[in-house]
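A.B. asks: Quick one: the structure is below, and I'll ask about it shortly.
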Amino acid sequence: MADEESQPQIRTTSESWESLFRTQVAVMRRMQQLPEFKKLAMREYDVLFNLSHCPTGWTRLNELNEALLISQPSLSRMVERLEAKGLVQRRTAERDQRGIEIALTEEGRALQQEIGRVHVRHLHEMLAPALSEEEFKQLQFLTDKLRTGLKDR
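Take the sequence shown: its letter number 50 is residue 50 in the UniProt record's numbering, and every next letter is one higher.
What follows is the structure, encoded as structure tokens:
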């Protein structure tokens with residue numbers, strides 16, 4: 001009996017996830033076309049954005065990788081390209097001499113902020129017509145709750 005009762009819940013979970021995923025795909029496709037991502041690819045911007053939120057300014061590659069949807073080898077190559085562009089810097093980890101930490105350079109921070117300001121406005125223009133401010137708050141609450149639930153397991 002319990003299995004029969006869980007079938008509608010399983011279907012609802014699946015359909016909700018599919019809706020969330022398809023919405024993200026649609027938004028990401030539109031965002032890729034935005035002019036701010038002509039200066040820097042969206043994935044590269046994502047690296048700069050995540051680095052800009054590191055409490056100390058520095059992070060290990062594997063810690064940064066936890067926030068991104070990219071493989072560790074791909075991230076390593078991307079960091080090399082960003083370093084060659086003068087946007088990130090590396091150093092030997094202070095607590096573990098075998099590790100490497102990365103951080104934004106001043107140029108990287110300035111570019112992240114420049115793109116970020118424009119990007120936030122474009123994102124608002126794209127999404128704001130669809131939901132009220134209260135609905136956006138509800139969406140944030142629900143997605144934060146889902147992410148927190150995943151961390152607890």
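Glycine included, every Cβ here is placed at the ideal spot set by N, Cα and C.
What is the DSSP secondary structure of residue 70, reduced to helix, strand or coil?
C.D. replies: coil
A.B. asks: In whole angstroms, give me the CA-to-CA distance for residue 71 and residue 102.
C.D. replies: 17 Å
A.B. asks: Enumerate, from N- to C-terminal direction, the unbroken beta strand (DSSP E) stretches of 3 or more residues contained entirely within the UniProt domain "HTH marR-type" (13-148).
C.D. replies: 88-92 and 100-104
A.B. asks: Output needed for residue 49: all residues of its chain with C-beta closer than 8 Å, excluding positions within five of it in sequence on either side, in chain order.
C.D. replies: Taken in chain order, the residues that qualify are 112 and 116.
A.B. asks: Check this for me: beta carbons of residue 52 and residue 104, under 9 Å apart or not?
C.D. replies: yes
A.B. asks: Should residue 29 and residue 68 be called a contact, given that it needs their Cβ atoms to be closer than 9 Å?
C.D. replies: no
A.B. asks: Of the residues 6, 31, 82 and 76, which one's Cα is nearest the Cα of residue 107?
C.D. replies: 82
A.B. asks: Please say whether residue 124 and residue 34 have beta carbons closer to each other than 9 Å?
C.D. replies: no
A.B. asks: In terms of alpha-carbon separation, which member of 73, 62, 95 and 57 lies closest to residue 89?
C.D. replies: Taking only the C-alpha atoms, the option nearest residue 89 is 57.
A.B. asks: Which value, in whole angstroms, describes the spacing of the CA atoms of residue 77 and residue 84?
C.D. replies: Between residue 77 and residue 84, the alpha-carbon positions lie close to 11 Å from each other.
A.B. asks: On a CA-only basis, which of 110, 36, 80 and 92 is nearest residue 59? Give me that one, please.
C.D. replies: Selected option, being the one with the closest Cα: 92.
A.B. asks: Check whether the Cβ atoms of residue 87 and residue 75 sit closer than 9 Å, and answer yes or no.
C.D. replies: No; because the gap between Cβ atoms is not below 9 Å, this pair is not in contact.
A.B. asks: Check whether the Cβ atoms of residue 150 and residue 27 lie closer than 9 Å to each other.
C.D. replies: no
A.B. asks: Quick test of your reading: residue 36 and residue 122, contact by CB under 8 Å. State the CB separation rounded to the nearest angstrom.
C.D. replies: 7 Å
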